[in-house]
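In UniProt numbering, the protein residues as written are 1 to 1201.
The following block contains the structure:
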């Protein structure tokens, strides 16, 4: 009982234990009550309070009171004098606890911020050096993301006589202090939470400071870890600084790239720490001697023992993987090993100590090849499998001769150096992203290899990091840099080509560029074969997906894409779904690049070693790294283009052999692999003989199994995640777009599969399924039009979809994008296929679309109106006046939308509607026009005139509608005043649009004028608006820079068939002279992009000139003399070429133009036979000479008397 009583007081004390919040409040209250003093007791009391405050756990959730904390820091700066240096450091600790990266995050601003910054700045100048690390660390924390708030102190900090400048000088000895000062510099430059930064002037100053530190060589007798920490901190600052800068000065870009290139390899074997002053943009790489060269003897021995030559064809030898490599994938790539002997201190400027590797059971020639690759900075095909021994495994083994301290030192050094390389690559990535692609392309030769590095010295490049860096993050960052470089480089790589090697003194730049592209592929394939870290593997596949769309494979020798497909195909069965998605993204890029490519067709149709009829989807095992065989990249390229098929088939043969690894586990033995391979060959041979190979493309088959979930049903494994299925659908969509021949035999199966996809619960799958149906529909329309596919086959694809899944998707109120996509699907059915559908399906489609024109979302309304604009052109619907009225009503609603895209689609549909009514008038005549309501016609005029005053995108379709509506008018309509007003308003609008506006508006306006002129009832010759319209056409023909506008304006003059339509003789002669001047002026092309239209323009000008000449009357001849004075011979030359061109083409249309030319000649002869004055006769004779067939005309002098 006594013991129990004695325990009670202890239990009663527990509720009185103060929390951190109570202690902080008590100490702060006591601190705020202190008055300044100089006695020893005051100093002791300050010390006790600061110790108690600093002892609290500030990493816990916030417990301090904001106001008390602000008062505390201000009071501390007031009470603690700078001569109490120990207390100053404790105040600095307290500041960092309260405002630093702790759980408290006290908001320091205004007067309290100024007080703290001024106190710390004075402490830097007054206190002794031993206090500087704490003080500068506190200053860096105070400046973090507060640059704009302390802008009044910036000049005092980093100005010419700034407080921090003394610590960042090259000669400053203490690297720890320099590192903290650097942190203060770049913290000052960071954005504040509102996104503001300091001025560009000081950002440039900070950039200069950091660059000076990075370019300073390593001082003598400086610890490697200290120097590496300094470089790491500076590179981190540079990375953060680049993220806030808008661009890098082109003059200093070379220096920045030089720094990044050196430090991205810092610590790798064979790389020295020598920072060049700058790199220069040049298409030719500068030779960079390596520390060690391979001798001829070494290269010869390497060739003799090359796996590609010593191993029989088709035979694969696998190395047993150590258990430790499976459990430690991050270090499996390490090619740096600690030596048996303790390392000696490296000389100054040479970086960290680099030791010789220990003896290992690797064969002598393999080790020799690895050492040669290290010393040259290059990379050979054996690196993917040679660099496997783990640093960590060797350092911890019992055979290591290192002491614990030495091993710990090397481990820390290795860790810091890997961080340096990672951050250097981050800086390079930021630089590549913020620099203009054209400017960055000039530095490619310093960052990427230009030729194969096997057996030859090679300057270090990004691939040195990708292939040799043991840190997965560094390899991933290097791949991000490469992706950034090649992204958007299509216009620069377009010149790349690959030709057979010739002994020439000069290598064309295009060949050098092609060699670079080929080497990029080779090195990426090496990295893909050796990579075991799935994060890095993901970046590697993304890099391939970025590279492939930018490469002109049609200008290179075939085989590159085959090798890519060969190595990424097994990754479709990788255990990480992110890798599967990235692999599918690569296939999407392959299918999209310059489709269709013959090489892609052949590699996709390659026969797998496992027949499709017996194929089993392998379990989601991790893909075993593929042992890379030495590619014969350095061999002579075949000179004949006919060898394309042979090269691709050879690559496919290798791929077929390798594809057996797709179903092999990681622990398969060599014997099992060999037997599997032989079995696969036997199956291929048997199927080839029996003709039993499935015609389905293996990629399509895999995607269908994933999408339709047949994989899970057959194997009983887990369902593939949604991103895999979504990406598989996107691959199939691209296949349908570029390689329709792959999916054509399976349209019925695809229709059934995507009926299920559209009924999925996941909206992302539904949307991608809808996009696939939309794309297939668009391709089916083209295939049916060119008779490559029967309309019945296409209709069989659509019927299952229209029986439920597609209408249900269109009525899914929760998914706006799906409803919009469904409208696009209905728009892509095609006229011929739609006509074969049952009547109830016609009614269903029209009812759904008309209903969706009133949808709540503008995007759905716009898509529905666009689909109706397509339907209005269908022959089976265009004669239905009630349907046309419904479409007109939908366009009326669409043109009232606030959204521009919706109004544009409504105007486009309105233009199609006007095309339809003109077509009906021409085909059906009065049977259609008599039933077409004048009210509806007036409504269409009002809509088009309203659209013509809208945005240029709307206007371009509205003017097209106006021209069609005037063409549609019946002769009696011109007797009604309202229609005459519509015609006059239309003429005024078209006159304005022909003269000014966007090019598309102008050429559509010219086209509309031609449609107007097609109405024979139009009073063109006497209308008051006609001269202005003809003048606008003249200006467009002579002065418009866009040749398509000039072509359409010229075409409009060929429409009127009678002379009286052109008005007075002065106006007619001006039009004739305008055509002659424009024809002669086609020799001058100001915009090179218009050059491709020049011949078409000349042909159309000649055609219009012939047309007007055939209408020339006797009274017009005097007005033509001025235009024939100096242009007769040139006009004769152009017209002769025009005739020859027409006769060479020999089509029905061109022969009609030849007949018109002959009629013009006959008309001139008829004019010459009339009673003419001497001057008129001379003009008529010259016209006859211009249109003559002989090539040496004699033109009479037309100089006026």
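C-beta atoms are modelled at their ideal positions from N, C-alpha and C, and glycine is treated no differently.
For residue i, the first and last residue of its enclosing alpha helix (DSSP H)
i: residue 1025; result: No alpha helix (DSSP H) holds residue 1025; DSSP gives it neither H nor E.
i: residue 582; result: 577-592
i: residue 743; result: 740-743
i: residue 173; result: Run containing residue 173: none; DSSP gives neither H nor E here.
i: residue 1174; result: 1174-1186
i: residue 460; result: From DSSP, residue 460 is part of no alpha helix (DSSP H); its letter is neither H nor E.
C-beta atoms of residue i and residue j nearer than 7 Å
i: residue 581; j: residue 724; result: yes
i: residue 93; j: residue 58; result: no
i: residue 424; j: residue 256; result: no
i: residue 988; j: residue 1030; result: no
i: residue 1008; j: residue 936; result: no
i: residue 175; j: residue 87; result: no
i: residue 859; j: residue 919; result: no
i: residue 967; j: residue 1014; result: yes
i: residue 112; j: residue 143; result: no
i: residue 1028; j: residue 1037; result: no
i: residue 116; j: residue 80; result: no
i: residue 202; j: residue 135; result: no
i: residue 32; j: residue 75; result: yes
i: residue 147; j: residue 198; result: yes
i: residue 265; j: residue 460; result: yes
i: residue 1052; j: residue 1110; result: no
Cβ-based neighbour list, residue i, same chain, cut-off 6 Å, excluding 5 preceding and 5 following
i: residue 1021; result: 1060, 1061, 1063
i: residue 894; result: 865, 902, 906
i: residue 760; result: 766
i: residue 776; result: 736
i: residue 763; result: 815
i: residue 904; result: 953, 954
i: residue 475; result: 466, 469, 536
Chain-order list of residues whose beta-carbon lies under 7 Å from that of residue i (same chain, five-residue window excluded)
i: residue 18; result: none
i: residue 567; result: 525, 528, 529, 626
i: residue 845; result: 826
i: residue 1236; result: What is shown of the chain runs 1 to 1201, which leaves residue 1236 out entirely.
i: residue 605; result: 697
i: residue 730; result: 588, 768
i: residue 774; result: 821, 824, 825, 828
i: residue 205; result: 158
i: residue 84; result: 43
Cβ separation of residue i and residue j, assumed to be a contact under 8 Å, to the nearest whole Å
i: residue 965; j: residue 909; result: Residue 965 to residue 909, Cβ: 15 Å. No contact.
i: residue 1125; j: residue 1047; result: About 27 Å separates the two Cβ atoms, so there is no contact after all.
Any non-hydrogen atom of the ligand ADP within 6 Å of residue i CB
i: residue 530; result: The model depicted lacks the ligand ADP and carries no ligand whatsoever.
Burial state of residue i (16 or more Cβ within 10 Å)
i: residue 963; result: buried
i: residue 48; result: exposed
i: residue 443; result: buried
i: residue 839; result: exposed
i: residue 708; result: buried
i: residue 160; result: exposed
i: residue 521; result: buried
i: residue 386; result: For residue 386, the predicted model reports a pLDDT of 36, less than 50, meaning its position is unreliable; a value from the coordinates is still stated below. Result: buried.
i: residue 222; result: exposed
i: residue 538; result: buried
Same chain, Cβ closer than 8 Å to residue i, neighbours up to 5 away in sequence not counted
i: residue 789; result: 744, 780, 783
i: residue 1189; result: 1136, 1139
i: residue 496; result: 510, 513, 514, 516, 517, 551, 552, 555, 556
i: residue 931; result: 881
i: residue 491; result: none
CB contact below 7 Å: residue i versus chain D
i: residue 99; result: Although the question refers to chain D, the structure presented lacks it and comprises just one protein chain.
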